[in-house]
Amino acid sequence: MADLLCLGEPLIEFNQLPSGEFLQSYGGDISNTAIAAARQGAKAGILTQLGGDLFADSLRELWRREGVGAEHVLTSQTRETGLYFVTHDDEGHHFTYRRNGSAASRYTPEDLPLEALQTGHIFYASGISLAISRSSCNAVIVGAKALKSAGGKFAFDPNLRTALWPLEQARETIHSVMKLCDIALPGLDDARHLTGIGEPDGIIRFYHNLGASIVALTLGDKGAIVSDGNQQFHISPQKVRALDATGAGDCFNGAFLAGLLRGRAPRDAAVWANAAAALSACGYGAVAPIPNLSQTRHHLRKTGEYHAD
């Protein structure tokens, strides 16, 4: 049984290389997060629906290789698996999606494996899980309540995508759902848009006031801040040669949740997650560069930040 259950939409990724060609890989925030957690030693599982296509077959094979549980993944013979494209320029990376009406967007509360939720420790979803459809949004709410009622925790990344829904609707829905959240994982830019608050301290207070007992605010190339409501720690950025930050936030989330599941304190979990996310930006694509536990440990030893795990 999985300790971490991730609900949302996995995607097939086409990432632009310096040559202009596109490398086919895998993405989707919840899949990236589950894989990052698994590479850090956690038992992670996916809750979603895929199309009856070859892309779906390749995703299932990916999860098998990565040790991510896919026994609760459903198949639709009438809908397709979603795709996205990543292009790069001097301003960063840009996304183009082909996911409207995808199989994952037709996931419903009735599709949830309630027995698995009642034995899991953390249920994870994101703002994208809410945005792709009303039925998926409802599934997140029902899933979070089911796992929490059994003593588990609900972890959530707002992961704002204004291409999927208007800002006002996103703000209202995300913050309503986050009243259920125990572990808030916002990125600074998304949080500023959603809360209207500029300073990290104010953003952290906002999410604690919504109900989160732990807030891990990622700051891009400035590291992260983690708070348990009593103490707050700034995690310094890692010095790496970053090539592509696609999926770095997802990697942070997966590594952070894996750390909590291993019994690490929030600060120590954030140190590991910050290092893993930095290493994931040293290659192209959302999945291939995600480091495993030993690679992250080796990096932390080199930087002098390693603590016994």
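Just so we're aligned, residue -2 is where the sequence shown starts under this note's numbering, counting upward by one.
Note that CB positions come from ideal geometry on N, CA and C, so glycine has one too.
The Cβ atoms of L4 and F120 lie closer than 9 Å to each other.
Between the alpha carbons of G220 and Q229 lies a distance of about 14 Å.
Sequence-distant Cβ neighbours of Y104 in its own chain, meaning closer than 7 Å and more than five residues away, are T45, Q46, S132, S133, A136. Beta-bridge pairing by DSSP links S224 to V212, Q229. H205: member of the alpha helix (DSSP H) spanning 197 to 207, first to last residue.
By the neighbour-count criterion, in which 16 or more other beta carbons inside 10 Å mark a residue as buried, N12 falls on the buried side.
Between the alpha carbons of I222 and A245 lies a gap of roughly 16 Å. Selection T215, N227, K142, G148 evaluated against M175 yields K142 as nearest (Cα-Cα). Beta bridge pairing from DSSP links R95 with L80.
Counting C-beta atoms within 10 angstroms of its own C-beta, D154 has 16 or more neighbours from the protein chains shown and is therefore classed as buried. The C-beta distance from I201 to P263 rounds to 12 Å, too long to fall under 8 Å, and the pair is not in contact.
In the three-state DSSP reduction, H295 falls in the helix class (H, G or I).
Secondary-structure assignment with DSSP links G24 through a beta bridge to L8.
Relative to the Cα of L1, the nearest Cα in the group Q292, A255, D265, A270 belongs to A255.
Here N250 is buried, its C-beta having at least 16 other C-beta atoms within 10 Å. When secondary structure is reduced to three states using DSSP, L14 falls in the coil class, being assigned neither helix nor strand. With fewer than 16 other CB atoms across the displayed protein chains lying within 10 angstroms of its CB, A160 is exposed. Just measuring C-alpha positions, the residue of R298, I287, L297 sitting nearest A34 is I287. Under the rule that a run must span 4 or more residues, the alpha helix (DSSP H) segments found entirely inside the stretch 118 to 153 read 124 to 128, 131 to 146. With a contact defined as Cβ atoms closer than 8 Å, G42 and G66 qualify at about 3 Å. Spatial neighbours of G49 in its own chain (CB-CB distance under 7 Å, excluding positions within 5 residues in sequence) are listed in chain order as T72, S73, Q74. In this structure, N206 sits away from R36, with a CB-CB distance that is not shorter than 9 Å.
Excluding sequence positions up to five before and after A101, its CB lies within less than 6 Å of the CB of E6, T45, Q46, all in the same chain and listed in chain order. Remark: C-beta atoms of A147 and C178 do not approach each other more closely than 9 Å. The Cβ atoms of I9 and S22 lie closer than 9 Å to each other.
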